[in-house]
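**Student:** Going from the sequence shown to the numbering used here is simple: count from 1 and add 5.
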Amino acid sequence: MKTFLAIIIVAVVCLVVFNYLTTGEFKLIPSSNVSPEEVELMRLSDEFDALEREYRQAGRGAAFGGVDTTGDVSSIFSEMDEIEKKVKKIAKEGSTMEVRGKAKKVLEGITQFKLDSR
Numbered sequence: 006m007k008t009f010l011a012i013i014i015v016a017v018v019c020l021v022v023f024n025y026l027t028t029g030e031f032k033l034i035p036s037s038n039v040s041p042e043e044v045e046l047m048r049l050s051d052e053f054d055a056l057e058r059e060y061r062q063a064g065r066g067a068a069f070g071g072v073d074t075t076g077d078v079s080s081i082f083s084e085m086d087e088i089e090k091k092v093k094k095i096a097k098e099g100s101t102m103e104v105r106g107k108a109k110k111v112l113e114g115i116t117q118f119k120l121d122s123r
């Protein structure tokens with residue numbers, strides 16, 4: 006009986022972790038009410054995170070190896086500007102307050118990154 010309960014508990018924990026990684030919410034069963042705006046916002050947020058990692062890698066490459074990463078950095082910032090435009094549009098025209106709030110949080114992250122990187 007203890008083994009069965011342990012298996013059930015592990016399965017529930019795995020399901021919650023999987024749902025958190027895929028939807029960003031701690032729920033046992035993911036909600037299917039994710040609007041297309043929210044999906045786009047999550048995609049843009051993931052792209053921003055990837056660009057932030059690329060920027061940090063370029064900085065390490067320049068610091069440790071003396072590699073010229075000017076082109077990489079300018080490319081990262083141009084992509085970042087495109088993401089920022091799309092997120093601003095969602096923040097302005099979002100269908101719900103929740104979507105607009107999430108978009109504003111992503112914009113705050115982008116703004117903070119730009120301030121820190123210059």
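C-beta atoms are modelled at their ideal positions from N, C-alpha and C, and glycine is treated no differently.
1) Do I81 and A63 have their CB atoms nearer than 9 angstroms?
2) Between the Cα of V104 and the Cα atoms of L46, A11, F31, which residue gives the shortest distance?
3) Indicate whether E52 and E84 have their beta-carbon atoms separated by less than 9 angstroms.
4) When the Cα of R48 is compared with those of G66, Y60, G29, E59, which residue comes out closest?
5) Can you tell which of E113, S100, G114 has the C-alpha that lies nearest to the C-alpha of E43?
6) Figure out for me which residue from I95, K90, L26, T116 has the closest Cα to the Cα of P41.
7) Measuring CA to CA, which of S122, D121, L112 is closest to S50?
8) For M6 and F23, I'd like the C-alpha separation in whole angstroms.
9) In angstroms with no decimal places, state the Cα-to-Cα distance between K119 and V17.
**Tutor:** Answer, in terms of the structure:
1) yes
2) L46
3) yes
4) G29
5) S100
6) Measuring from the Cα of P41, the nearest candidate turns out to be I95.
7) Of the candidates S122, D121, L112, the one whose C-alpha sits nearest the C-alpha of S50 is L112.
8) 26 angstroms
9) 40 angstroms
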